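Visitor: Take 2 as the starting number for the sequence shown in my numbering and just add one per residue.
Okay, handing you the structure first.
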Amino acid sequence: MSALASVKTVWETKLPLPLVGRGKVRDVYAISDDKLLIVTTDRLSAFDYVLPNPIPFKGIVLNQISVFWFDFFKHLVPNHLITAQVSEMSLPREIVSEFGEDLKGRSMLVHRAKPYLVECVVRGYLTGSGWKDYLSNGSVCGHKLPKGLTQCAKLPSPIFTPATKAESGHDENINFGEASKIVGVEVAEKLRTLSTQLYEEGLVHARSRGILMADTKFEFGEFNGKIILIDEVLTPDSSRFWPADQYEPGRDQPSFDKQIVRNYCEEIKWDKKPPAPKLPDAVIQKTSNAYREIYERLTGEKI
Ligand SMILES: Nc1ncnc2c1ncn2[C@@H]1O[C@H](COP(=O)(O)OP(=O)(O)OP(=O)(O)O)[C@@H](O)[C@H]1O
Ligand SMILES: [Mg+2]
Numbered sequence: 002m003s004a005l006a007s008v009k010t011v012w013e014t015k016l017p018l019p020l021v022g023r024g025k026v027r028d029v030y031a032i033s034d035d036k037l038l039i040v041t042t043d044r045l046s047a048f049d050y051v052l053p054n055p056i057p058f059k060g061i062v063l064n065q066i067s068v069f070w071f072d073f074f075k076h077l078v079p080n081h082l083i084t085a086q087v088s089e090m091s092l093p094r095e096i097v098s099e100f101g102e103d104l105k106g107r108s109m110l111v112h113r114a115k116p117y118l119v120e121c122v123v124r125g126y127l128t129g130s131g132w133k134d135y136l137s138n139g140s141v142c143g144h145k146l147p148k149g150l151t152q153c154a155k156l157p158s159p160i161f162t163p164a165t166k167a168e169s170g171h172d173e174n175i176n177f178g179e180a181s182k183i184v185g186v187e188v189a190e191k192l193r194t195l196s197t198q199l200y201e202e203g204l205v206h207a208r209s210r211g212i213l214m215a216d217t218k219f220e221f222g223e224f225n226g227k228i229i230l231i232d233e234v235l236t237p238d239s240s241r242f243w244p245a246d247q248y249e250p251g252r253d254q255p256s257f258d259k260q261i262v263r264n265y266c267e268e269i270k271w272d273k274k275p276p277a278p279k280l281p282d283a284v285i286q287k288t289s290n291a292y293r294e295i296y297e298r299l300t301g302e303k304i
């Protein structure tokens with residue numbers, strides 16, 4: 002039996018609180034009109050499907066990475082985090098006694114904001130849909146780029162490529178003008194400036210720890226008349242993380258977190274249609290280790 006087999010995982014939480022949403026990875030509850038409880042589970046999605054096995058430590062890693070960045074960026078922008086300590090959440094005693102262990106390390110009490118309905122994507126490298134866009138017309142979401150860039154090349158400077166926040170289905174890329182129509186020009190400009198600053202500062206830090214963040218998505222909301230950073234920040238679920246020492250433009254890059262799972266799915270020739278395949282223990286173990294390594298590199302602490 003591997004050492005990980007004894008680690009408690011959390012697949013899904015069933016707290017006796019109003020469920021606001023269950024994403025692929027996170028369960029979100031209403032605590033009151035102005036507070037939410039966000040629980041990051043150990044679910045993992047690949048190729049847009051949730052795989053059937055929980056990944057030990059993954060939810061804790063993701064939650065703690067956001068906690069780390071909220072603090073790291075507090076000089077640039079206020080954020081939604083009230084506390085990530087269960088004991089400070091003023092939860093009903095029954096909830097703490099019954100579910101406290103499930104919440105520990107993987108939950109956040111946050112200010113409930115009015116989310117701006119624009120996903121703030123920043124890209125520093127030419128990959129994913131950006132690469133496809135560039136191949137077909139030499140630009141990415143309307144940003145004209147120099148000729149002759151190769152796959153995964155570093156862009157001359159990061160670009161802001163907002164997307165709609167679709168209630169269901171895929172988010173759609175929009176240009177700055179369309180984003181301005183949704184949130185107003187003044188807010189759109191602020192979101193663009195903030196997102197780019199956050200990405201650039203985050204990139205420098207992560208790069209110094211051997212991680213390249215190719216691109217990412219931020220979410221902001223309005224709270225007490227101010228713009229605050231909400232949701233998750235620069236996690237492997239909201240960003241592409243590449244191992245810096247294996248970076249080589251001109252080809253696809255291995256992913257720091259999901260590559261092991263992706264390779265396995267390709268190896269068994271999964272057709273990427275449900276049901277998603279069960280993962281062998283070795284794949285689960287390696288993936289769990291990869292998540293922990295990301296946390297330890299970024300924060301310099303052990304999980
Ligand atoms: N402080 C906040 N105030 C209000 N809403 C928030 C806050 N923080 C996060 N949210 C919202 O909570 C939701 C979190 O959901 P989550 O990311 O788990 O699932 P999803 O985005 O619907 O789906 P997916 O699994 O594709 O990510 C998002 O809609 C996000 O905008
Ligand atoms: Mg989300």
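Don't be surprised by glycine CBs; every beta carbon is placed ideally from N, CA and C.
Computed from a prediction, not measured in an experiment: that's the story for all the values here.
Does ligand 1 have a heavy atom nearer than 6 Å to the CB of E220?
Guide: Yes.
Visitor: In this structure, does DSSP put N225 in helix, strand or coil?
Guide: coil
Visitor: Could you tell me whether any non-hydrogen atom of ligand 1 is closer than 6 Å to the CB of I231?
Guide: yes
Visitor: Any idea if G131 is buried or exposed, counting beta-carbon neighbours within 10 angstroms, 16 or more meaning buried?
Guide: buried
Visitor: Of the choices A31, S289 and V26, whose alpha-carbon is the least far from that of P17?
Guide: A31
Visitor: Going by Cα to Cα distance, which pick from K191, F73 and R252 is closest to A154?
Guide: R252
Visitor: Let me check understanding here. Comparing Cα to Cα, which of S209, Y126 and D232 lies closest to L146?
Guide: Closest option to L146, judged by alpha-carbon separation, among S209, Y126 and D232: Y126.
Visitor: Can you round the beta-carbon distance between Y117 and L192 to whole angstroms, since I take them to be within the 8 Å contact cut?
Guide: In this structure Y117 touches L192 by the C-beta definition: roughly 7 Å separates them, less than 8 Å.
Visitor: Hey, could you find the ends of the beta strand (DSSP E) Y126 is sitting in?
Guide: V119 to Y126
Visitor: Give a yes or no on whether the C-beta atoms belonging to K259 and A47 are separated by under 7 Å.
Guide: yes
Visitor: Pull up the distance between the alpha-carbon of T128 and that of A85, whole angstroms please.
Guide: The straight-line gap from Cα to Cα measures roughly 33 Å.
Visitor: To the nearest angstrom, report how far apart I66 and G185 are at their CA atoms.
Guide: 31 Å
Visitor: Give me the DSSP bridge partner(s) of Y296.
Guide: DSSP lists no partner for Y296.
Visitor: Output the distance between the C-alpha atoms of V188 and F224, rounded to the nearest integer angstrom.
Guide: Computed Cα separation, rounded: 13 Å.
Visitor: Nearest to L1 by alpha carbon, out of M109, Q247, L230 and G24?
Guide: Residue 1 cannot be examined here, being either before or after the span of the chain that is shown, 2 to 304.
Visitor: Comparing C-alpha positions only, which one of W70, L104 and D49 sits nearest to W12?
Guide: For the set W70, L104 and D49, the Cα lying nearest the Cα of W12 is the one of L104.
Visitor: Please list, in chain order, all residues of the same chain as Y50 whose beta carbon is under 7 Å from its beta carbon, the five residues on each side excluded.
Guide: P275 and A277
Visitor: Cβ of G24 versus every heavy atom of ligand 2: is any distance shorter than 6 Å?
Guide: yes
Visitor: If distances are taken between C-alpha atoms only, which option among L37, K9, V8 and T10 comes closest to G22?
Guide: L37
Visitor: What does a CB cutoff of less than 7 Å around S293 pick up in its chain, not counting 5 residues either side in sequence?
Guide: Per the sequence shown, the amino acid found at residue 293 is Arg instead of Ser. Result list for R293: F58, V62 and I304, in chain order.
Visitor: Using only alpha-carbon positions, find the residue among V26, M90, Y265 and D43 that is nearest to S33.
Guide: It is M90 whose Cα lies nearest to the Cα of S33.
Visitor: Within the chosen definition, does the stretch 69-79 reach the stretch 95-104 through at least 3 CB pairs nearer than 8 Å?
Guide: no
Visitor: Which residue marks the beginning of the beta strand (DSSP E) containing A4, and which one marks its end?
Guide: From DSSP, A4 is part of no beta strand (DSSP E); its letter is neither H nor E.
Visitor: Give the range of the beta strand (DSSP E) segment to which G178 is assigned.
Guide: Unbroken run through G178 is the alpha helix (DSSP H), F177 to V184; no beta strand (DSSP E).
Visitor: For S108, which residues does DSSP report across the bridge?
Guide: V40
Visitor: Whole angstroms is fine: what's the gap from G60's alpha carbon to I39's?
Guide: 11 Å
Visitor: Measure the Cβ-Cβ separation of H81 and I229 and say whether it is below 7 Å.
Guide: yes
Visitor: Is it true that the CB of V123 sits closer than 7 Å to the CB of F161?
Guide: yes
Visitor: If you compare alpha carbons, which of V26, G178 and S158 is closest to T165?
Guide: G178
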